[in-house]
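The next block holds one structure in the form of structure tokens; read it before the comments.
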Amino acid sequence: MSADIIDGKAYAAGLRGKVAAIVPGFRAAAGRAPGLAVVLVGEDPASQVYVRSKHKATVEAGMESFEHRLPDTATQDELLALVRRLNADDTVDGILVQLPLPGHLDENEVISTIDPDKDVDGFHVVNAGRLAVGQHGYVPCTPLGCLMLLKDRLGDLSGLNAVVIGRSNIVGKPMAQLLLAESCTVTIAHSRTKDLADVVRRADIVVAAVGRPEMVKGDWIKPGATVIDVGINRVPGAEPGKTKLVGDVAYAEAAGVAGAITPVPGGVGPMTIAVLLRNTLVAAHRRAGVPLAK
Ligand code: NDP
204 MSADIIDGKA YAAGLRGKVA AIVPGFRAAA GRAPGLAVVL VGEDPASQVY
254 VRSKHKATVE AGMESFEHRL PDTATQDELL ALVRRLNADD TVDGILVQLP
304 LPGHLDENEV ISTIDPDKDV DGFHVVNAGR LAVGQHGYVP CTPLGCLMLL
354 KDRLGDLSGL NAVVIGRSNI VGKPMAQLLL AESCTVTIAH SRTKDLADVV
404 RRADIVVAAV GRPEMVKGDW IKPGATVIDV GINRVPGAEP GKTKLVGDVA
454 YAEAAGVAGA ITPVPGGVGP MTIAVLLRNT LVAAHRRAGV PLAK
């Protein structure tokens with residue numbers, strides 16, 4: 204058996220297209236474009252790449268992109284003052300502070316300072332709480348993207364056994380909440396989980412968000428299960444000095460057993476930015492009191 208490949212790149216392109224198609228109507232109704240402010244502190248190369256990609260995608264969708272760069276010597280007070288200015292700026296609908304921040308800065312305080320109604324990353328405790336109790340808020344982009352791929356593939360998820368490996372605040376926990384809200388029977392596994400392979404073998408849906416290259420083996424997967432691989436791990440490539448990206452799932456093995464699987468790259472990765480644009484569009488409509496076209 205060979206699993207269907209879940210093409211996150213194509214799904215994300217479609218979602219970005221849908222967002223771009225709605226933007227002109229918002230512009231006409233609100234007299235301005237939806238605006239996303241991205242704050243980058245320091246020179247971390249990976250963060251610079253992410254911020255550039257977010258800027259490009261925002262502009263391509265017809266939205267306003269506001270980039271704010273602070274040196275890695277920036278103080279907590281300077282960063283908080285910038286976040287407060289963005290909270291007060293009516294042309295800004297979404298605020299994203301690129302993580303990780305340099306070690307001397309307090310991420311929790313920064314995230315708590317973002318207006319929850321502009322928190323398009325969904326990291327503020329108010330939005331985590333809204334997700335937990337089933338209220339409208341903002342859901343972290345990566346798990347929401349995973350859910351979209353799962354629903355596109357499987358339709359109704361109710362009653363399915365879902366195992367989420369990883370319990371971080373940005374992926375594992377919100378993923379579990381989303382699957383619970385879809386009436387899955389959800390197990391959250393982590394580094395202290397006993398007999399992980401046996402736990403995963405019960406799953407109709409496996410979401411791996413661990414950060415360990417190819418940890419989830421093919422013989423852990425129930426035949427026909429749907430596998431969502433969130434992991435992005437850089438490992439040595441076939442040629443000396445070259446590297447390649449792999450997920451948290453041993454793809455070749457798992458693809459022989461699963462019903463469907465996301466590749467790395469080209470699976471979950473492209474969904475994150477597409478969902479960020481979607482969250483920003485939603486924030487713009489809510490803030491401006493403009494109904495969101497379906
Ligand atoms: P974290 O490091 O915050 O969390 C990793 C989780 O995996 C923890 O809950 C940890 O358990 C668990 N874990 C670690 N080792 C094991 C193990 N041996 N067995 C079972 N569980 C284990 O990572 P993130 O959630 O931020 O990211 C996870 C992965 O997803 C990374 O590869 C990251 O690069 C990728 N990612 C991809 C995104 C995308 O856009 N596609 C976006 C965000 C992340 P414990 O809590 O017990 O320590």
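Quick note on the working numbering: the sequence shown kicks off at 204 and runs consecutively. Note that CB positions come from ideal geometry on N, CA and C, so glycine has one too.
Next item on the list: Measure the beta-carbon distance from valine 449 to valine 438 and round it to whole angstroms, keeping in mind my assumption that it falls under 8 Å.
Entry: That pair is a contact at about 5 Å.
Note to self: Counting beta carbon pairs with one atom in the stretch 449–458 and one in the stretch 419–427, are three or more of them shorter than 8 Å?
What the structure shows: Judged by Cβ distances under 8 Å, the stretch 419–427 makes contact with the stretch 449–458, as three or more pairs qualify.
Notebook entry, point to check: Taking Cβ to Cβ, would you say histidine 258 is nearer than 9 Å to serine 268?
Noted result: A Cβ-Cβ contact shorter than 9 Å links histidine 258 with serine 268.
Notebook entry, point to check: If you draw a straight line from the C-alpha of valine 254 to the C-alpha of proline 248, how long is it?
Noted result: Using only the alpha carbons, I get a separation of about 10 Å.
Note to self: Please identify the residue among Val471, Val485, Arg230 whose C-alpha is closest to the C-alpha of aspartate 432.
What the structure shows: If we check each option's Cα against that of aspartate 432, Val471 comes out closest.
Next item on the list: Verify whether the separation of the beta carbon atoms of methionine 474 and glycine 220 is less than 9 Å.
Entry: No.
Item checked: Buried or exposed by the 16-neighbour rule on C-beta atoms within 10 Å, applied to lysine 445 -> Exposed, by the Cβ-count rule.
Next item on the list: Taking 8 Å as the threshold, find out whether the stretch 458–470 comes into contact with the stretch 480–490 through three or more Cβ pairs.
Entry: With the cut-off at 8 Å, the stretch 458–470 and the stretch 480–490 do not touch.
Notebook entry, point to check: Is DSSP giving arginine 356 helix, strand or coil here?
Noted result: Here arginine 356 sits in helix by DSSP.
Item checked: Beta-carbon contacts of threonine 388 that lie in its chain and below 8 Å, excluding the five residues immediately before and after -> Residues of the same chain with a CB within less than 8 Å of the CB of threonine 388, apart from the 5 flanking positions on each side, are Gly362, Leu363, Asn364, Ala365 in chain order.
Check: Which residues bound the beta strand (DSSP E) around asparagine 290?
Finding: The continuous stretches of beta strand (DSSP E) do not include asparagine 290, which lies in the alpha helix (DSSP H) extending over residues 279–291.
Next item on the list: Taking only heavy atoms of the ligand NDP into account, decide whether any of them is closer than 8 Å to the Cβ of valine 452.
Entry: It does not: the Cβ of valine 452 is nowhere closer than 8 Å to a heavy atom of the ligand NDP.
Check: Pick out every residue whose C-beta is nearer than 5 Å to a heavy atom of the ligand NDP: which are they, in chain order?
Finding: With the cut-off at 5 Å, the residues found are Thr345, Gly369, Arg370, Ser371, Val374, His393, Ser394, Ala412, Val413, Gly414, Val433, Gly434, Ile435, Val471, Gly472, Thr475.
Item checked: For glutamate 267, three-class secondary structure by DSSP -> Strand.
Check: For arginine 370, which of helix, strand or coil comes out of DSSP?
Finding: Correct three-state label for arginine 370: coil.
Check: DSSP on aspartate 401, reduced to helix/strand/coil?
Finding: Look at aspartate 401 here: in three-state DSSP terms it is helix.
Margin query: Using the Cβ count rule (16 or more neighbours within 10 Å means buried), how would you classify glutamate 417?
Written below: Answer is buried; the Cβ neighbour count reaches 16.
Note to self: Using C-beta distances below 6 Å, list every residue in its chain close to leucine 360, excluding the 5 sequence neighbours before and after it, in chain order.
What the structure shows: Counting only Cβ-Cβ distances below 6 Å, and skipping sequence neighbours, we find Glu385, Cys387.
Notebook entry, point to check: In this structure, does DSSP put proline 346 in helix, strand or coil?
Noted result: In the structure shown, the three-state DSSP call for proline 346 is helix.
Item checked: Limits of the alpha helix (DSSP H) - the one that isoleucine 476 falls within -> Where isoleucine 476 is concerned, the enclosing alpha helix (DSSP H) starts and stops at 472–491.
Next item on the list: Report all residues from its chain with a CB closer than 7 Å to the CB of leucine 302; omit the five preceding and five following residues, and keep chain order.
Entry: Excluding positions up to five away in sequence, the list reads Glu310.
Notebook entry, point to check: When you compare only the Cα positions, how much space is there between valine 286 and alanine 260?
Noted result: It is roughly 22 Å from the alpha-carbon of valine 286 to the alpha-carbon of alanine 260.
Checklist line | Distance, aspartate 280 Cα to proline 305 Cα | finding: Rounded to the nearest angstrom, the two C-alpha atoms are 14 Å apart.
Next item on the list: Would you check if the stretch 337–346 and the stretch 393–405 touch, i.e. whether three or more CB-CB distances between them fall below 8 Å?
Entry: With a cut-off of 8 Å, the stretch 337–346 and the stretch 393–405 do not count as touching, because too few Cβ pairs lie within range.
Note to self: Our contact map puts serine 205 next to glycine 459 with C-beta atoms below 8 Å; I'd like the distance itself, whole angstroms only.
What the structure shows: Contact holds; Cβ gap of about 7 Å.
Notebook entry, point to check: Which one of Ser256, Ile317, Pro227 has the shortest CA to CA distance from aspartate 265?
Noted result: Looking at the sequence itself, residue 265 is glycine, so the reference to aspartate does not match. Per the Cα distances, Pro227.
Check: When every heavy atom of the ligand NAP is checked, does at least one fall within less than 8 Å of the C-beta of lysine 420?
Finding: Of the ligands this structure carries, namely the ligand NDP, none is the ligand NAP.
Margin query: Given a cut-off of 9 Å on the beta-carbon distance, is the pair alanine 240 and leucine 289 in contact?
Written below: Result yes, Cβ atoms of alanine 240 and leucine 289 sit closer than 9 Å.
Check: Pairing CB atoms from the stretch 312–325 with CB atoms from the stretch 293–302, are three or more of them under 8 Å?
Finding: With a cut-off of 8 Å, the stretch 293–302 and the stretch 312–325 count as touching, because enough Cβ pairs lie within range.
Next item on the list: To the nearest angstrom, report how far apart alanine 335 and alanine 441 are at their CA atoms.
Entry: Cα-Cα distance, rounded: 44 Å.
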